[in-house]
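**Q** FYI, the numbering for the sequence shown is 6 to 297, going by the numbering used here. Cβ coordinates follow ideal geometry from the N, Cα and C atoms, glycine included. No experiment lies behind these values; they were computed from the predicted model shown.
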Amino acid sequence: MKAVVLCPGPSLLSTWPEDGADVVIAVNRAASVAGCDWLVAYDGSALRTHYQQARVGCLSLGTGAAWLRHLKRHPEVLADAEIEMPVEAHTFSINGALCLAAHLGATEIDIHGDDKIGTAYFDGERSNSTSGGRWAREKVAQAIVEAWLAQRGVTVRRIVSPVYVSYATPEYREEMYAMYASLLASGVPKGYIMMQVEKSTGSWARNCGMKARIIRRAMNSYDGAAVVWLDADARVMSRPSLFNRLDCDFACRKLRGSEVLSGTLYFAPTDAATRLIDAWIREIERTPEEWD
C-alpha cells in the first residue's frame, strides 16, 4: 500500500499531484490543495479550519479528537495515543502523518512539500512558528521516526523540487529573466530558483565553462537538493515534473545518441554526481578554451 503525505511547504504545488496513491494524508493547511483522505494537525486552529476537507478522518496530535467526535463529521477520528508511534512523533504534525500512514497499512510513503526552509507556505502565506531552530529540531525528530518506520518495513521518500540554476553575462540577462518568469509560471517556487549575472570573461568558451562552477556552487548552497541547469535562453512550457522523480546521478539529452547537449542537465544530490561535476571542472581548468 502506498501513502502520500502532503506538507504545506513552498514546493508542494511543483511536485503534487501524482498518480498511484492509495491514501492521501494532509498536514495542516496542505489539506486545502485538494481533497485528502486524512487530515493530521497538532494545532487546534488548523484542525478547526481544515477538518471538513478530509474525506475519511482526522488524527489530532493535540486535544481536538473529542471535539471532532462530538461533531460526528468523519467516519474515523483518532487521537495520537490511539496509534503506535515513537515519542518524537508527538511533537510535529508531519511525524504523526507518517505514523498514521503506517497505522493504515502503508509500506511506501511519499512526502511532498516537506521543504523545511524559510517561513513561506505553498500558498504564499507566512508561518509564525519557524523560529528558534524549528526546522533543525523537526529534522532530528523526523529522522528518528523514519528510522522507526524502516525497522517496520516502511520506506519513506521526500519528493522535493530540484533547484533550477542558470547564469548569464550582462548582454544575455534579459533572456535569463524571461526563463526565470517561465519557471515561476510553471509552478516552481522562487526559493528553488538560482539565477546569476556574471561579468564576461572575454571568451565564449570560458563563459560557457562557468556553467560547471555555477552548478557546483548551487550544489553547495542547496545541500540535499537535486540541481537542474538550464541555459539562459531556455523556456519552461509546463510543470517540469520529470526531474522530481529521476532515479539516477546525472541526466542529459544526447544528440544522435552520442553528443551531450548541455543546455539542460540534472545532477542528483549524490556522491557520484558530486564527483562528476568536480571532474568536469578539472577538465575545464585543464582546457579552458575548449567548449563545455
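1. Provide the residue span of the beta strand (DSSP E) that contains C213, from first to last.
2. Let me confirm a value: L17 is counted as buried when at least 16 other C-beta atoms fall within 10 Å, else exposed. Which label applies?
3. Can you list, in chain order, the residues of its chain with a C-beta nearer than 7 angstroms to that of G40? Leave out the 5 residues immediately preceding and following it.
4. With a Cβ-Cβ cutoff of 9 angstroms, do A273 and L251 count as a contact?
5. In this structure, does DSSP put M242 in helix, strand or coil?
6. For Y182, which residues in the same chain have their Cβ closer than 6 angstroms to its Cβ, ignoring the five residues on either side in sequence?
7. F127 by DSSP, collapsed to three states: which one?
8. If you run the structure through DSSP and keep just helix, strand and coil, what is G101?
9. Can you confirm whether the region 187-194 touches the region 214-227 when touching is taken to mean that 3 or more C-beta pairs between the two stretches lie within less than 8 angstroms?
10. Name the two residues that bound the continuous alpha helix (DSSP H) containing S187.
11. Label R163 either buried or exposed according to how many other C-beta atoms from any shown protein chain fall within 10 Å of its C-beta, with 16 as the threshold for buried.
12. According to DSSP, A284 sits in a beta bridge with which residue or residues?
13. Between the Cα of S267 and those of G123, V170, N133, spot the shortest distance and give me the residue it belongs to.
14. Going by CA-CA distance only, name the one from A125, R280, I116 that's closest to E23.
15. Using CA atoms only, rank isn't needed, just tell me which of E180, A173, V32, V233 is closest to S205.
16. I'd like to check one pair, N100 with Q147: are the Cβ atoms closer than 9 angstroms?
17. Whose C-alpha, out of A277, E151, A35, is nearest the C-alpha of G129?
18. I need the straight-line Cα distance from L103 to N225, nearest angstrom please.
19. Do you know how far the Cα of D119 is from the Cα of I149?
20. Starting from the C-beta of A277, find all residues in its chain whose C-beta is less than 7 angstroms away, skip the five residues before and the five after it, and write them out in chain order.
21. Can you tell me whether E143 is buried or exposed, with buried defined as 16 or more other CB within 10 angstroms of its CB?
**A** Straight from the coordinates:
1. Here residue 213 corresponds to residue number 208 of the sequence shown, with the count starting at 1. Counting along the chain, C213 falls outside any beta strand (DSSP E), though it belongs to the alpha helix (DSSP H) covering 209-226.
2. Position 12 of the sequence shown, counting from 1, holds the residue named residue 17. Buried, by the Cβ-count rule.
3. On the sequence shown, residue 40 is found 35 positions in, with the first residue counted as 1. If we look at G40 and ignore the five residues flanking it on each side, its Cβ neighbours are Q58, R60.
4. One-based indexing of the sequence shown puts residue 273 at position 268. One-based indexing of the sequence shown puts residue 251 at position 246. Yes; because the gap between Cβ atoms is below 9 angstroms, this pair is in contact.
5. Looking up residue 242 in the sequence shown gives position 237. Looking at M242 - three-state DSSP - the assignment turns out to be coil, as it is neither helix nor strand.
6. To locate residue 182, count along the sequence shown from 1; it is residue 177. Nothing meets the Cβ criterion.
7. Indexing the sequence shown from 1 puts residue 127 at position 122. Looking at F127 - three-state DSSP - the assignment turns out to be coil, as it is neither helix nor strand.
8. On the sequence shown, position 96 is the one that residue 101 refers to. DSSP places G101 in helix when its eight states are reduced to three.
9. no
10. Here residue 187 refers to the residue found at position 182 of the sequence shown. Its alpha helix (DSSP H) spans residues 178-190.
11. Numbered from 1 along the sequence shown, position 158 holds the residue referred to as residue 163. Per the 10 Å Cβ criterion, buried.
12. Mapped onto the sequence shown, residue 284 falls at position 279. Answer is none; A284 lacks a bridge partner.
13. On the sequence shown, residue 267 is found 262 positions in, with the first residue counted as 1. Checked all of G123, V170, N133; the closest Cα to S267 is V170.
14. Walking along the sequence shown from the start, residue 23 turns up at place 18. Comparing Cα positions, the closest option is I116.
15. For the purposes of this step, residue 205 is identified with residue 200 of the sequence shown, where counting begins at 1. For the residues E180, A173, V32, V233, the minimum Cα distance to S205 belongs to A173.
16. As a first step, residue 147 is located in the sequence shown; it is residue number 142 there, counting from the start. As a first step, residue 100 is located in the sequence shown; it is residue number 95 there, counting from the start. Yes, these two residues count as a Cβ contact at 9 angstroms.
17. Residue numbering aside, residue 129 sits at position 124 when the sequence shown is read from its first letter. Of the listed residues, the one whose Cα sits closest to G129 is A35.
18. To locate residue 103, count along the sequence shown from 1; it is residue 98. To locate residue 225, count along the sequence shown from 1; it is residue 220. In this structure, the CA atom of L103 is about 29 angstroms from the CA atom of N225.
19. Along the sequence shown, read from residue 1 onward, the residue named residue 149 stands at position 144. Along the sequence shown, read from residue 1 onward, the residue named residue 119 stands at position 114. Distance between the alpha carbons of I149 and D119: 16 angstroms.
20. Locating residue 277 in the sequence shown gives position 272, counting from the first residue. Cβ neighbours of A277 beyond the five flanking positions: D254.
21. In the sequence shown, the residue the question calls residue 143 occupies position 138. Here E143 is buried. Its C-beta has 16 or more other C-beta atoms within 10 Å.
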